[in-house]
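Numbering (mature numbering (1 follows the signal peptide of the UniProt record, and there is no 0)) for the sequence shown: -27 to -1, 1 to 38.
In this text, a Cβ means the ideal position worked out from N, Cα and C, and glycines have one as well.
Please read all numbers here as calculations on a predicted model, not as lab measurements.
Notes follow once the structure below has been shown.
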Amino acid sequence: MMNRPSRSVLLFGIASLTLTLPSLTTAAGFVDDASANLNLRNAYFNRNFTNPANAQGRAEEWTQN
């Protein structure tokens, strides 16, 4: 014997499809009108330490934010 979906399950599936289809048509324009901005800044630090008592003579650092 084959299991058939009951009538209430089919009606629920059809009702959920009819409720979601109109929202999909309005969501199509969402991506078309979307925009994004990306701002990146680089910084480079080069320092010379002139104190001969320090073991470290210089430091170089780079960052992006």
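Throw me the rounded Cβ distance for the E34 and F18 pair, which I believe falls under 8 Å. 4 Å
Contact criterion: CB-CB distance below 9 Å. Does G(-15) meet it with respect to chain B? No chain B is present in this structure, which holds just one protein chain.
Measure how close the beta-carbons of N15 and Q37 come, nearest whole angstrom, since I'm counting them as under 8 Å. 5 Å
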